[in-house]
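Enquirer:
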């Protein structure tokens with residue numbers, strides 16, 4: 184996203200706050216993120232820093248891409264440099280494991296400012312394809328319509344079409360739970376259960392996300408839109424998905440610990456799965472596919488037993 188924004192206007196200074204000094208030097212000296220995108224040249228107006236004060240003071244917007252489970256502690260560490268009027272555009276998808284908080288709650292609470300401007304950005308958007316400037320569409324969601332429109336203008340380009348929404352809950356819940364569904368889709372792939380199984384499972388998972396999201400106050404149309412169905416299809420069916428890859432490896436018999444130890448990026452669905460059971464209980468929603476993923480991750484259930492359980496559920500009327 185830093186590269187995307189910087190490419191739009193050469194006169195913008197886009198600061199990237201990074202942790203790794205070697206990555207910071209690589210971006211500033213070679214205009215390349217040597218760890219994530221070694222083949223791609225970054226715009227020269229992307230400036231990396233490891234200093235939060237340098238990155239944040241005087242900024243017009245902050246794009247937040249820290250994984251959900253680490254966001255609270257990260258934000259508490261930078262609170263002194265955050266202007267109370269600085270809009271946060273959240274790219275992080277998931278639910279905080281113990282609290283069940285979404286990013287729209289984590290960001291203002293961690294920054295100790297209930298009025299911190301907030302926007303959720305979501306939709307089908309693999310980073311590699313964005314870096315290759317391939318076209319896609321995303322949605323920005325905010326309770327503040329004026330802010331949503333300004334972020335729309337900031338991010339829209341020939342390669343990126345941006346819609347706006349006021350349904351922050353729907354966009355965030357869809358973005359979080361699609362990662363869990365992608366693990367389920369990967370398990371089906373890893374077990375070689377076929378295309379019919381895959382389609383049936385993803386359709387059921389979409390329904391479960393809709394049932395929960397609407398109970399939480401979301402609009403059903405959000406779940407069938409870019410941040411729902413759009414992102415679900417991408418994450419469930421394409422090999423670039425980290426969460427789907429975790430599922431494929433689980434389905435083929437590998438242990439979760441070994442899978443996670445071999446990955447250098449975060450698969451948000453693994454943590455979010457733990458929150459699904461609590462949410463299903465809290466809102467009294469039956470979510471057999473998504474809760475089965477949580478039970479597989481917790482070693483309560485094997486993928487084979489999960490399939491048998493799901494296939495033996497009572498026959499019901501579709502809703």
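Numbering (this note's numbering), first residue to last: 184 to 502. Each residue gets a CB set at the ideal place from its N, CA and C atoms; glycine is no exception.
Counting only runs that start and end within the stretch 217-280, where is the beta strand (DSSP E) found for 3 or more residues in a row?
Expert: Entirely contained in the stretch 217-280, the beta strand (DSSP E) runs reaching 3 residues are, in chain order, 229-232, 245-247, 271-273.
Enquirer: Measuring only the C-alpha atoms, how far is residue 456 from residue 450?
Expert: Taking the straight line joining both Cα atoms gives about 11 Å.
Enquirer: My guess is that residue 368 and residue 385 are in contact by the Cβ rule of under 8 Å, so how many angstroms apart are they, rounded?
Expert: Rounded, the Cβ-Cβ distance is 6 Å, consistent with contact.
Enquirer: Once the 5 residues before and after residue 257 are set aside, which same chain residues still bring their CB inside 7 Å of it?
Expert: Counting only Cβ-Cβ distances below 7 Å, and skipping sequence neighbours, we find 249.
Enquirer: How about residue 276 and residue 331: are their beta carbons less than 8 Å apart?
Expert: Their beta carbons are not under 8 Å apart, which means residue 276 does not touch residue 331 by this criterion.
Enquirer: Cα separation between residue 242 and residue 336?
Expert: Between residue 242 and residue 336, the C-alpha separation is close to 17 Å.
Enquirer: On a CA-only basis, which of 390, 305, 328 is nearest residue 355? Give me that one, please.
Expert: Out of 390, 305, 328, 305 has the C-alpha closest to the C-alpha of residue 355.
Enquirer: For residue 343, which beta-bridge partners are listed by DSSP?
Expert: Note: residue 343 sits in a beta bridge opposite 319.
Enquirer: If you follow the beta strand (DSSP E) that residue 302 is part of, which residue opens it and which one closes it?
Expert: Unbroken beta strand (DSSP E) run through residue 302: 301-305.
Enquirer: If you run the structure through DSSP and keep just helix, strand and coil, what is residue 399?
Expert: Residue 399 falls in the coil class under three-state DSSP.
Enquirer: Could you tell me whether the stretch 309-320 touches the stretch 333-348, using the rule of 3 or more Cβ pairs below 8 Å?
Expert: In short, these stretches touch, since the Cβ pair count reaches three.
Enquirer: Does the stretch 227-246 come close enough to the stretch 259-271 that 3 or more CB-CB pairs lie under 8 Å?
Expert: Yes: at least three Cβ pairs fall under 8 Å.
Enquirer: From residue 295 to residue 489, what does the alpha carbon distance come to, in whole angstroms?
Expert: Cα to Cα, the separation comes out at about 42 Å.
Enquirer: Let's test the definition: count the other Cβ atoms within 10 Å of the Cβ of residue 470 and tell me whether it reaches 16, buried, or not, exposed.
Expert: Under this definition residue 470 is a buried residue.
Enquirer: Kindly indicate the opening and closing residues of the beta strand (DSSP E) around residue 416.
Expert: It is not in any beta strand (DSSP E) - residue 416 instead sits in the alpha helix (DSSP H) that spans 414-420.
Enquirer: Might you give, ordered along the chain, the residues of its own chain that have their beta carbon closer than 7 Å to the beta carbon of residue 428, omitting 5 neighbours on each side?
Expert: Cβ neighbours of residue 428 beyond the five flanking positions: 369.
Enquirer: Are the beta-carbon atoms belonging to residue 398 and residue 353 less than 8 Å from one another?
Expert: No.
Enquirer: My understanding is that residue 400 touches residue 426, with C-beta atoms under 8 Å, so please give their C-beta distance in whole angstroms.
Expert: Between residue 426 and residue 400 the Cβ distance is about 25 Å, and since that is not below 8 Å, they are no contact.
Enquirer: Nearest to residue 482 by alpha carbon, out of 466, 492, 438?
Expert: Ranking 466, 492, 438 by Cα distance to residue 482 puts 438 first.
Enquirer: My output table needs one value for residue 286: the three-state DSSP class, helix, strand or coil.
Expert: Of the three classes helix, strand and coil, the one that applies to residue 286 here is helix, per DSSP.
Enquirer: Which partner residues of residue 324 appear in the DSSP bridge assignment?
Expert: Bridge partners of residue 324: 303, 348.
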